[in-house]
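Asks: To convert a position in the sequence shown, counted from 1, into this note's numbering, add 27.
Glycine included, every Cβ here is placed at the ideal spot set by N, Cα and C.
Fair warning: this is a prediction, and the values are worked out from it, not measured in the lab.
Structure provided below as structure tokens; questions to follow.
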Amino acid sequence: NVNAVDISEQALTVARQNAERYGLRERIRFVRSDLLSALPGRFDLIVANLPYIGPETWPELQASIQKHEPRLALDGGPEGTALIERLLTSLPSALARPGLALLECDPRQAQALAVSAQRALPDATVQVLRDLAGWDRLIRIERAEVTMTDPRMEQYDTVVLRADDPRAIAQAVNTLRRGGLVVFPTDTVYGVGCDLWSAPALEQLYRAKGRPAELAIPVLVSGPEGVATVARWLPDRFEELAGRFWPGGLTIVLPRQSNLPERLTSGRDTVAVRLPDHPVARALIAASGGALAVTSANVSGRPAATTAQDALADLAGRVELVLDGGACPQGVASSIVDLSVSPPRLLRPGALDVAALREILPDLEA
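So, in structure tokens, the structure goes:
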């Protein structure tokens with residue numbers, strides 16, 4: 028499927044006419060959207076020719092372009108790269124593995140944008156390609172396919188239960204107490220969880236996902252009181268931030284309790300905590316003691332699962348139990364904000380709008 032995206036309805040009208048002229052109308056879906064905001068999911072190929080003209084470059088444009096081209100189609104903001112930088116921040120969740128993104132830019136912007144692209148996607152191969160005139164013109168971003176084989180990985184006959192099955196929560200709790208892994212729905216994406224105090228269970232979770240050892244596992248709590256279980260102290264603005272966005276799609280990084288397993292935190296001095304807004308998730312976490320180690324229910328590097336079927340496609344045979352609660356309401360991973368540093372830092376854009384976060388954290392670095 029091909030999606031053609033523009034924020035301008037006038038531009039989309041012209042594009043539809045061109046598609047009709049060349050017999051391509053039935054093969055293209057035209058979407059009015061601010062970048063990819065109206066297109067959830069991941070894409071194998073993203074090609075973008077975004078506005079990249081800055082104020083200093085505007086006088087250099089041909090008079091005919093200045094007169095006839097819509098300013099909206101050319102103006103890239105104060106530095107000329109604002110829209111491209113915004114798109115780069117969305118690529119970790121929008122670009123599939125394997126996947127390819129091609130972004131046109133001004134030659135004077137290319138090297139700096141390549142650095143930004145590598146920062147946004149550390150796992151990707153980033154190149155600057157030249158146009159036919161020899162100018163640096165294209166940022167090429169490629170993500171490789173994830174392959175995972177681990178002979179230590181146990182194989183299970185994965186059981187699937189409807190989340191509203193009367194046996195579901197009790198069976199999930201028993202599985203977790205035995206050190207097993209359980210997949211369940213949250214408000215954002217499906218999670219796979221285990222007993223956060225069990226080193227063998229945490230090791231099993233890392234192997235099931237093929238998760239790099241340096242990446243810590245977040246903790247989901249059933250209520251605000253569960254934060255004290257894992258956080259050593261709460262920064263000044265925690266209560267206001269949590270009061271605004273919890274329960275919901277915000278993960279907050281906090282100073283960790285010293286007794287947390289090293290495998291959970293990957294040796295860091297912090298822990299990531301979230302209070303989900305989903306009845307199944309909160310019921311299971313509450314019945315399991317108020318806190319669980321939970322990460323997205325997919326093989327690392329692959330798209331997050333928004334349905335039980337998505338999770339099974341990656342983790343069948345690697346987890347003991349899946350609770351099927353239908354599609355996740357949001358379908359987008361949580362935003363992650365680090366409150367352990369000053370100023371606070373947005374580590375991952377996600378379910379929440381940055382502008383809304385800055386209403387509480389005006390100094391948020393994104």
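Return the first residue and the last residue of the alpha helix (DSSP H) that GLN44 is part of.
Replies: Residue mapping note: residue 44 aligns to position 17 of the sequence shown, counting from 1. Here the alpha helix (DSSP H) through GLN44 covers 36-48.
Asks: Reducing DSSP to helix, strand and coil, say where PRO288 ends up.
Replies: In the sequence shown, residue 288 corresponds to position 261, counting from 1. Note: PRO288 maps to coil in three-state DSSP.
Asks: With a CB to CB cut of under 7 Å and the five nearest residues on each side skipped, what residues in its chain are close to ASN30?
Replies: Here the question's residue 30 lines up with position 3 in the sequence shown. ARG56, VAL58 and LEU66, listed in sequence order.
Asks: Are the stretch 111-126 and the stretch 85-96 touching, with three or more C-beta to C-beta distances below 8 Å?
Replies: No, the stretch 111-126 is not in contact with the stretch 85-96.
Asks: Any chance the stretch 161-170 sits against the stretch 142-151, with 3 or more Cβ pairs inside 8 Å?
Replies: Contact between the stretch 161-170 and the stretch 142-151 is present, because at least three Cβ pairs lie under 8 Å.
Asks: Here's the rule: buried if 16 or more other CB atoms are within 10 angstroms of the residue's CB, otherwise exposed. What is LEU277?
Replies: Within the sequence shown, residue 277 is the residue found at index 250, counting from 1. Buried is the call here.
Asks: To the nearest angstrom, how far is it from the Cα of ILE73 to the Cα of LEU348?
Replies: Stepping through the sequence shown from its first residue, residue 73 is reached at position 46. Stepping through the sequence shown from its first residue, residue 348 is reached at position 321. The straight-line gap from Cα to Cα measures roughly 35 Å.
Asks: For the stretch 254-262 against the stretch 293-303, are there 3 or more C-beta pairs whose distance is under 8 Å?
Replies: Touching, per the Cβ criterion.
Asks: Within a Cβ cutoff of 7 Å, which residues of the same chain sit near ASP296, ignoring the five residues on either side of it in sequence?
Replies: Translated into the one-based positions of the sequence shown, residue 296 becomes position 269. For ASP296, where only same-chain residues beyond five positions count, the Cβ hits under 7 Å are PRO282 and ARG283.
Asks: Can the beta-carbon of VAL246 be found less than 8 Å from the beta-carbon of LEU319?
Replies: Residue numbering aside, residue 246 sits at position 219 when the sequence shown is read from its first letter. Residue numbering aside, residue 319 sits at position 292 when the sequence shown is read from its first letter. Cβ atoms of VAL246 and LEU319: closer than 8 Å.
Asks: Please report the distance separating the alpha-carbon of ASP351 from that of ILE312.
Replies: The residue you call residue 351 lines up with position 324 of the sequence shown. The residue you call residue 312 lines up with position 285 of the sequence shown. Using only the alpha carbons, I get a separation of about 16 Å.
Asks: If we count the other Cβ atoms within 10 Å of its Cβ and call it buried at 16 or more, is ARG290 buried or exposed?
Replies: Within the sequence shown, numbered from 1, the residue matching residue 290 stands at position 263. Buried is the call here.
Asks: Between which residues of its own chain and GLU36 is the CB-CB distance below 7 Å, once the five residues before and five after are set aside?
Replies: Counted from its first residue, the sequence shown places residue 36 at position 9. Correct list, in chain order: ARG59.
Asks: Per the DSSP calculation, SER323 is bridged to which residue(s)?
Replies: As a first step, residue 323 must be located in the sequence shown, where it is residue number 296. Per DSSP, GLY218.
Asks: Taking C-alpha atoms, which residue in ALA243, THR292, ARG309 and LEU127 lies nearest to GLY250?
Replies: What you label residue 250 is simply residue 223 of the sequence shown in a count that begins at 1. When only C-alpha atoms are compared, the closest one is ARG309.
Asks: Just curious, the alpha helix (DSSP H) that THR256 is in, first and last residue?
Replies: The sequence position of residue 256 within the sequence shown is 229, counting from 1. First-last of the alpha helix (DSSP H) with THR256: 254-257.
Asks: Would you tell me roughly how many angstroms separate the C-alpha atoms of GLY126 and PRO149, rounded to the nearest one?
Replies: Counting from one through the sequence shown, the residue named residue 126 turns up at place 99. Counting from one through the sequence shown, the residue named residue 149 turns up at place 122. Approximately 14 Å, taken between the alpha carbons.
Asks: With DSSP collapsed to three states, give me the class of ARG283.
Replies: Start at 1 with the first residue of the sequence shown, and residue 283 comes out as number 256. Note: ARG283 maps to strand in three-state DSSP.
Asks: Are the CB atoms of LYS236 and THR292 nearer to each other than 8 Å?
Replies: Counting from 1 along the sequence shown, the entry for residue 236 is found at position 209. Counting from 1 along the sequence shown, the entry for residue 292 is found at position 265. Not in contact: LYS236 and THR292 (Cβ atoms no closer than 8 Å).
Asks: Just confirm the distance between the C-beta atoms of PRO371 and LEU391, as a whole number of angstroms; I'd bet it's less than 8 Å.
Replies: The residue labelled residue 371 in the question sits at position 344 within the sequence shown. The residue labelled residue 391 in the question sits at position 364 within the sequence shown. Indeed, because the Cβ distance is near 5 Å, the residues count as touching under 8 Å.
Asks: What are the partner residues of ASP365, as DSSP defines its beta bridges?
Replies: On the sequence shown, residue 365 is found 338 positions in, with the first residue counted as 1. Beta-bridge pairing links ASP365 to VAL280 and ARG372.
Asks: VAL359 by DSSP, collapsed to three states: which one?
Replies: Locating residue 359 in the sequence shown gives position 332, counting from the first residue. Coil at VAL359, not helix or strand.
Asks: Which residues in the same chain as LEU101 place their Cβ atom closer than 6 Å to its Cβ, once the five residues preceding and following it in sequence are excluded?
Replies: Along the sequence shown, one-based indexing puts residue 101 at 74. Within the same chain, LEU101 has close Cβ partners PRO78 and ILE80.
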